[in-house]
Amino acid sequence: MEPAIHSGLTGTMLVNYIGMALMIAGLASGRLRTIRMGAAAAGLIWCLAALFVSGDWAAAALAAALAFIGGYQLVGVYAADGRAKLSEEEQALGAAMLPDLGKAQLRHLLEQGFWLTAKPGDVLTREGEAVPHLYYLASGGATVYSEMLPIARCETGSFVGEVTVLSGDPATGTVEVDEPSRLWCVPALKLRLYTDEHDEIRRAVETAFRRTLTAKLVASNRRLAGGG
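When we follow the UniProt record's numbering, the leftmost residue of the sequence shown carries the number 1, and every step to the right adds one.
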């Protein structure tokens with residue numbers, strides 16, 4: 001007689017599945033913080049299972065090492081966030097446009113640029129020319145022109161130059177400040193090089209650009225529907 005095949009889900013199998021699910025979830029997020037959190041949690045679960053279910057001390061040691069490394073790196077991330085100092089306008093920028101970044105990541109990104117004050121008439125981008133800088137409007141506003149005709153407006157809390165700053169293509173419009181404004185500014189080339197080296201920050205920046213572009217299109221459509 002052939003032995004019966006046990007197809008039920010055992011406790012060990014369940015623990016392994018949970019650990020793998022945590023690892024996969026962390027990796028799928030693409031965020032280092034979540035990846036480390038998933039690794040630490042999976043390692044802890046596997047370690048406890050090896051100690052108290054299977055009695056496999058070698059597996060427990062390996063899982064404990066995974067949990068320690070993931071936890072240690074995670075503590076480092078939170079410690080860096082605790083040391084990072086942000087002004088009120090920098091916190092507002094992060095909360096509005098880059099909420100997925102930790103404080104330390106945001107601090108490092110902001111250090112690639114600088115803050116400035118612009119007056120009415122200052123030109124930020126020129127149609128047909130490469131965008132020299134990316135701007136974030138912390139306050140104030142600007143008008144977008146195409147072929148010298150006003151077609152849109154950049155309001156407080158939006159980026160200027162986001163459409164082509166990462167590609168290096170010519171600007172699709174001229175943007176002129178139309179009221180006293182406070183801006184964060186970063187050179188385009190410096191931003192491209194920086195985001196090429198920091199994948200997680202690049203994804204966060206690209207997400208923010210899409211959000212800004214969508215808001216501009218919605219506002220432009222409303223203006224057209226209202227007749228001006």
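Virtual Cβ for every residue (Gly too), placed ideally from N, Cα, C.
If residue i and residue j are in contact, beta carbons under 8 angstroms, what's the gap, nearest whole angstrom?
| i | j | result |
| --- | --- | --- |
| T156 | G141 | 6 angstroms |
| G43 | V77 | Contact flag wrong, Cβ pair sits at about 17 angstroms. |
| V175 | L134 | Going by Cβ atoms, the distance from V175 to L134 rounds to 11 angstroms, so no, they are not a contact pair. |
| R126 | A188 | R126 to A188, Cβ: 13 angstroms. No contact. |
| G38 | G26 | 2 angstroms |
| G82 | A40 | Their Cβ separation, rounded to whole angstroms, is 18 angstroms, which puts G82 and A40 out of contact at 8 angstroms. |
| E90 | L66 | About 35 angstroms separates the two Cβ atoms, so there is no contact after all. |
| L137 | L183 | 6 angstroms |
| C185 | G94 | Contact flag wrong, Cβ pair sits at about 16 angstroms. |
For a test of the three-state rule: what should DSSP assign to residue i, helix, strand or coil?
| i | result |
| --- | --- |
| G141 | strand |
| T164 | coil |
| A204 | helix |
| D122 | coil |
| V218 | helix |
| A80 | helix |
| T174 | strand |
| S181 | strand |
I need the boundaries of the alpha helix (DSSP H) containing residue i, first residue and last residue.
| i | result |
| --- | --- |
| L193 | 188-197 |
| A104 | 103-110 |
| A96 | 88-97 |
Can you list, in chain order, the residues of its chain whose CB lies under 8 angstroms from that of residue i, leaving out five sequence neighbours each side?
| i | result |
| --- | --- |
| T212 | M97, S158, F159, E162 |
| Y145 | E127, I151, G173, T174, V175, E176 |
| L74 | R33, R36, M37, A40 |
| I5 | With a pLDDT of only 43 at I5, under the threshold of 50, the placement of this residue in the model should not be trusted, and no figure is reported. |
| M1 | In this prediction, M1 scores a pLDDT of 44, lower than 50, which makes its location untrustworthy; no coordinate-derived value is stated. |
Provide the residue span of the beta strand (DSSP E) that contains residue i, from first to last.
| i | result |
| --- | --- |
| L116 | 114-118 |
| A152 | 149-154 |
Excluding five sequence neighbours on each side, which residues of the same chain lie with their C-beta closer than 7 angstroms to the C-beta of residue i?
| i | result |
| --- | --- |
| F68 | none |
| P3 | Below a pLDDT of 50, predicted positions are generally treated as unreliable, and P3, at 47, falls in that range; no measurement from the model is reported. |
| A204 | L98, D100, L101 |
| A84 | K103, A104, R107 |
| E129 | P170, A171 |
By Cβ distance, which residues of its chain are closer than 6 angstroms to residue i, with the 5 residues on each side in sequence left out?
| i | result |
| --- | --- |
| D56 | A50 |
| W46 | G19, A63 |
| A80 | A104 |
| D122 | V177 |
| T143 | P150, R153, E176, D178 |
Next on the checklist: Quick check for students: name the residue ranges of the alpha helix (DSSP H) that lie wholly in the segment 2-78, counting only runs of 4 or more.
Outcome noted: 11-29, 32-49
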